[in-house]
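**Q** Protein chains in written order, with our numbering: chain A, 13 to 127; chain B, 294 to 404. Once you've had a glance at the structure underneath, I'll fire off some questions.
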């Protein structure tokens, strides 16, 4: 099956710093990538959708200046949490989908802890 | 928009028994329904999916059934094993290709 990787798997940072999370599709071209956030014991919450070479589309309530998304190639998307605060601590998961395909394949997730 | 409901929220079964998780959806235009398994601290893993032109699909111990008229679909796991313990999510893909998630079912396999 299609493989999606995420790096880092876990990150701890100080309040006010920025953190970048990478999402890569390893064996297919991901024309669309998604970024999710998941709180404990809850379902995944879609933050934004990005198409390669285009600006990301953010869901209502998600600050685009705080969560910067770049999808510069068909295999890489990055999420940068700018000026992170403790309330940004969460599990961030990316997924990727190929052109004309409904199936989303998920990365292993990144646990962010902001102190 | 699409809305997906999932039941039960927690399911405890004896090892070797079968487990059934049910979902309903609201948008009759949805035509793709994946199921994901999520283990603690990991991302969701696609375990089976079904498209609306098919009523049932099997993959070893896992099967999914779809009733388009009633707008519900179910996941069936037979001969459950300890490694089946996880949270299972159903989803429907809407007309914008977005996944609309169910709330999840925590499956506990008792030894």
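Backbone N, C-alpha and C fix where the C-beta goes; we use that ideal spot for every residue, glycine too. Just so we're clear, the structure is a prediction, and the values are computed from it rather than from any experiment.
Compute the beta-carbon to beta-carbon distance between residue 308 (chain B) and residue 374 (chain B), rounded to the nearest angstrom, for a pair I have assumed lies under 8 Å.
**A** In the second chain, counting from the first residue as 1, residue 308 (chain B) sits at position 15. In the second chain, counting from the first residue as 1, residue 374 (chain B) sits at position 81. Right, their Cβ atoms sit about 7 Å apart.
**Q** Measuring only between beta-carbons, confirm whether residue 392 (chain B) sits less than 8 Å from chain A.
**A** Taking the first residue of the second chain as 1, we reach residue 392 (chain B) at position 99. Residue 392 (chain B) counts as touching chain A.
**Q** Going along chain A in order, which residues have a C-beta closer than 9 Å to the C-beta of residue 363 (chain B)?
**A** For the purposes of this step, residue 363 (chain B) is taken as residue 70 along the second chain, with counting starting at 1. None at all; the shortest Cβ gap to chain A is about 22 Å.
**Q** According to the Cβ coordinates, are residue 344 (chain B) and residue 325 (chain B) closer than 8 Å?
**A** Counting from 1 along the second chain, the entry for residue 344 (chain B) is found at position 51. Counting from 1 along the second chain, the entry for residue 325 (chain B) is found at position 32. A contact, by the Cβ cut-off of 8 Å.
**Q** Which residue marks the beginning of the beta strand (DSSP E) containing residue 131 (chain A), and which one marks its end?
**A** Residue 131 (chain A) lies beyond the stretch modelled for chain A, which goes from 13 to 127, so this question has no answer here.
**Q** Please report whether the beta-carbon of residue 51 (chain A) lies at a distance below 8 Å from any beta-carbon of chain B.
**A** Sequence index remark: in the first chain, residue 51 (chain A) carries index 39 (1-based). Residue 51 (chain A) does not count as touching chain B.
**Q** Kindly list the residues whose CB is nearer than 6 Å to the CB of residue 88 (chain A), restricted to its own chain and excluding five residues on each side of it in sequence; keep chain order.
**A** As a first step, residue 88 (chain A) is located in the first chain; it is residue number 76 there, counting from the start. Within the same chain, residue 88 (chain A) has close Cβ partners 36.
**Q** Once the 5 residues before and after residue 337 (chain B) are set aside, which same chain residues still bring their CB inside 8 Å of it?
**A** To locate residue 337 (chain B), count along the second chain from 1; it is residue 44. Contacts found: 329, 330, 331 and 382.
**Q** Run down chain B in chain order and give the residues with a C-beta less than 8 Å from the C-beta of residue 79 (chain A).
**A** Walking along the first chain from the start, residue 79 (chain A) turns up at place 67. The contacting residues do not exist; residue 79 (chain A) stays about 18 Å from chain B at best.
**Q** When we look at the beta-carbon of residue 334 (chain B) and count the other beta-carbons within 10 Å, is it buried (16 or more) or exposed?
**A** Counting from 1 along the second chain, the entry for residue 334 (chain B) is found at position 41. Exposed, since its Cβ has fewer than 16 Cβ neighbours within 10 Å.
**Q** Return the residue from the list A:113, A:103, A:116 and A:97 that minimises the CA-CA distance to residue 30 (chain A).
**A** Residue mapping note: residue 30 (chain A) aligns to position 18 of the first chain, counting from 1. When each option's Cα is compared against that of residue 30 (chain A), the closest is A:97.
**Q** Exposed or buried, what is residue 303 (chain B) when buried is set at 16 or more other beta-carbons lying within 10 Å of its beta-carbon?
**A** For the purposes of this step, residue 303 (chain B) is identified with residue 10 of the second chain, where counting begins at 1. Classification for residue 303 (chain B): exposed.
**Q** Please state whether DSSP places residue 34 (chain A) in a helix, a strand or coil.
**A** Along the first chain, read from residue 1 onward, the residue named residue 34 (chain A) stands at position 22. If DSSP states are grouped into helix, strand and coil, residue 34 (chain A) belongs with the strands.
**Q** Do the CB positions of residue 297 (chain B) and residue 316 (chain B) come within less than 8 Å of each other?
**A** Numbered from its first residue, the second chain carries residue 297 (chain B) at position 4. Numbered from its first residue, the second chain carries residue 316 (chain B) at position 23. Against a cut-off of 8 Å, the Cβ pair of residue 316 (chain B) and residue 297 (chain B) comes out as a contact.
**Q** Measuring only between beta-carbons, confirm whether residue 72 (chain A) sits less than 8 Å from chain B.
**A** Sequence index remark: in the first chain, residue 72 (chain A) carries index 60 (1-based). No, residue 72 (chain A) does not count as interfacial toward chain B.
**Q** Going along the chain, which residues of its own chain have a beta-carbon closer than 6 Å to the beta-carbon of residue 399 (chain B), five neighbours each way excluded?
**A** Counted from its first residue, the second chain places residue 399 (chain B) at position 106. Cβ neighbours of residue 399 (chain B) beyond the five flanking positions: 303 and 380.
**Q** Based on Cα-Cα distance, which residue from B:393, B:370 and B:401 lies nearest to residue 48 (chain A)?
**A** Position 36 of the first chain holds residue 48 (chain A). For the residues B:393, B:370 and B:401, the minimum Cα distance to residue 48 (chain A) belongs to B:393.
**Q** Indicate whether the contact test is met: 3 or more Cβ pairs, each with one atom in the stretch 71-90 of chain A and one in the stretch 38-53 of chain A, closer than 8 Å.
**A** Short answer: they touch.
**Q** Can you give the Cα-Cα distance for residue 59 (chain A) and residue 95 (chain A), rounded to whole angstroms?
**A** Locating residue 59 (chain A) in the first chain gives position 47, counting from the first residue. Locating residue 95 (chain A) in the first chain gives position 83, counting from the first residue. Cα to Cα, residue 59 (chain A) sits roughly 17 Å from residue 95 (chain A).
**Q** Can you tell me whether DSSP reads residue 376 (chain B) as helix, strand or coil?
**A** Position 83 of the second chain, counting from 1, holds the residue named residue 376 (chain B). Helix.
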